[in-house]
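Our numbering puts the sequence shown at residues 2 to 379. Backbone N, C-alpha and C fix where the C-beta goes; we use that ideal spot for every residue, glycine too. One structure below.
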Amino acid sequence: MSQSNNKAMVEGLVDRLVCENLKVLVPYESARRLFAASDNSQDAQVPVWLNANESPFANDYELDCDRLNRYPDCQPSSVIKFYAAYAGVNNKQLLVSRGADEGIELLIRAFCTPGQDRILICPPTYGMYAISAETCNVGVEIAPLNNDFSLDIDAIKSFKDAVNIVFICSPNNPTGTRVAAEQIEQVLEHFSDSALVVVDEAYIEFDLQSTFAPRLTDYPNLVILRTLSKAFALAGIRCGFTLANEAIIHTLLKVIAPYPMPEPVAQIAAQALSANGLRLMNEQVKAIADEKSKLKQSLQILPGIELIGDDKANFILFRCGQKQALMDFLVSNKMFIRDQSKQRNLANCLRITVGSVQQNAQLLALINQFYQTLGTPA
Ligand SMILES: *Cc1c(COP(=O)(O)O)cnc(C)c1O
2 MSQSNNKAMV
12 EGLVDRLVCE
22 NLKVLVPYES
32 ARRLFAASDN
42 SQDAQVPVWL
52 NANESPFAND
62 YELDCDRLNR
72 YPDCQPSSVI
82 KFYAAYAGVN
92 NKQLLVSRGA
102 DEGIELLIRA
112 FCTPGQDRIL
122 ICPPTYGMYA
132 ISAETCNVGV
142 EIAPLNNDFS
152 LDIDAIKSFK
162 DAVNIVFICS
172 PNNPTGTRVA
182 AEQIEQVLEH
192 FSDSALVVVD
202 EAYIEFDLQS
212 TFAPRLTDYP
222 NLVILRTLSK
232 AFALAGIRCG
242 FTLANEAIIH
252 TLLKVIAPYP
262 MPEPVAQIAA
272 QALSANGLRL
282 MNEQVKAIAD
292 EKSKLKQSLQ
302 ILPGIELIGD
312 DKANFILFRC
322 GQKQALMDFL
332 VSNKMFIRDQ
342 SKQRNLANCL
352 RITVGSVQQN
362 AQLLALINQF
372 YQTLGTPA
């Protein structure tokens, strides 16, 4: 069979068999996928990645290979024990998974019936809630944030009995805003007998006082998502946590893979959560906070730039009239930040991850150069 015939046949077969709800979907445009092509050119300029809210720090870990011939524990006990202590919950209120992203998917698979149930999201927010729902053939309802990025409580409440899960992100990506505790409490109470309320705390180390982890005992329907990808500087190992009451965790364990956590991941996570690991994380969070306020001050004084939202996480969001020209100029200099302008209410908005001292200086130099060549407005 010729190659082109074979290709046509495979495509025909895929078209016939693929799940109906997947036909319209396109793969998630992760920060990494978006610029993959820009990463392999020959010239000497080192690309700077400030587009995925990763940590600029790459820390060292040790690996013990003695157990690599064995399947790993489904829920490695040292990781569970250390994270439970760190988060102030008990071991049975905790699930470890391949990133918080897998936690999102497990929640949808365990608590939403495909083709029937729906989730509620509050955009502008993290994209994976809707994407996970769509890949599972679960509907997505929307209660947009208010103009000040607070929750629209009345809109959210109107979905009582219409949704199985409400996703709230705090600090919110990409606005950097914290959702007021009273608002989260209102949502938890309103849905207490009808839906899970998932508070995504991926950035909580940058705003630790606002965590809802101590409230698990107050609210049966509260679920909290955490990750080692941001403050812990371990996006590369894919390790996240779901905190919830025991019956919820028990149900998630029904849908998780039998061996989701590779042994090296468990070893590295345990080291990151040791006393030394936590100390290092706290130092790095402080360093990022210092850099964030310096970066904000420098951006604020530029005439073309308006800071948007807040700075409760490790990134800065801003609006800029020359958004596309600035983006193109940065990309041509191998400086990658994230375009958020397609999100609701975020026209012309770009998001910068706070990087290392040197990376931030490079970014500022480029932005200043961009505005100089434009000519400063009178
Ligand atoms: C980065 C991020 C995640 C994903 O975390 P992983 O553990 O890397 O899967 C989840 N939620 C939000 C809001 C994020 O920004």
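- Message: Is CYS170 near ligand 1 - that is, is its Cβ less than 7 angstroms away from at least one heavy atom of it?
- Response: Indeed, a heavy atom of ligand 1 lies less than 7 angstroms from the Cβ.
- Message: According to DSSP, is VAL200 part of a helix, a strand, or is it coil?
- Response: VAL200: strand per DSSP, three-state reduction.
- Task: Rounded to whole angstroms, what's the CA-CA distance from ILE257 to GLN370? Just pull it up for me.
- Result: Going from the Cα of ILE257 to the Cα of GLN370 covers about 49 angstroms.
- Item | Beta-carbon gap between LEU108 and LEU244 smaller than 8 angstroms | LEU244 is positioned such that its CB atom lies no closer than 8 angstroms to that of LEU108.
- Task: Please name the residue in LEU364, VAL355, LEU209 and LYS255 whose C-alpha comes closest to that of PRO57.
- Result: Ranking the options by Cα distance to PRO57, first place goes to VAL355.
- What number of angstroms, rounded off, separates the C-alpha of TYR72 from the C-alpha of VAL224? The alpha-carbon separation between TYR72 and VAL224 amounts to approximately 29 angstroms.
- Which residue comes first and which comes last in the alpha helix (DSSP H) that contains PHE83? Segment 78-88, the alpha helix (DSSP H) holding PHE83.
- Write down the C-beta distance between GLY241 and GLY89 rounded to the nearest angstrom, noting that I regard them as a contact closer than 8 angstroms. About 17 angstroms; that fails the 8 angstroms criterion.
- Message: For CYS170 and ASN6, what's the separation of their Cα atoms in angstroms?
- Response: Distance between the alpha carbons of CYS170 and ASN6: 48 angstroms.
- Message: Helix, strand or coil, according to DSSP, for THR374 in the structure here?
- Response: If DSSP states are grouped into helix, strand and coil, THR374 belongs with the helices.
- What is the DSSP secondary structure of PRO175, counted as helix, strand or coil? Correct three-state label for PRO175: coil.
- Identify the residues that DSSP records as bridge partners of ILE166: which are they? DSSP, once it has assigned bridges, lists ILE120 and LEU197 as partnering ILE166.
- Query: Would you report the Cα separation of SER3 and GLU21, rounded to the nearest angstrom?
  - Reply: Distance between SER3 and GLU21, taken at the CA atoms: about 29 angstroms.
- Query: Hey, would you say the C-beta of LYS231 is under 7 angstroms away from at least one heavy atom of ligand 1?
  - Reply: Answer for LYS231: yes, Cβ within range of ligand 1.
- Query: ALA59 to LEU51, Cα distance in whole Å?
  - Reply: In this structure, the straight-line span from the alpha carbon of ALA59 to that of LEU51 is close to 14 angstroms.
- Query: DSSP beta-bridge partners for CYS350?
  - Reply: Note: CYS350 sits in a beta bridge opposite ARG320.
- Spatial neighbours of ALA379 within its chain, please: CB distance less than 7 angstroms, with the 5 preceding and 5 following residues excluded, ordered by chain position. With a pLDDT of only 40 at ALA379, under 50, the local geometry of the prediction cannot be trusted, and the value read off the model is given with reservation. Hits under 7 angstroms: none found.
- Item | 8 angstroms contact criterion, which ILE120 and ALA134 should meet: CB distance rounded | About 5 angstroms separates the CB atoms of ILE120 and ALA134; that is less than 8 angstroms, so the two are in contact.
- Task: Pick out whichever of ARG99, ALA314 and HIS191 has its Cα sitting closest to the Cα of CYS75.
- Result: Here the closest residue by C-alpha is ARG99.
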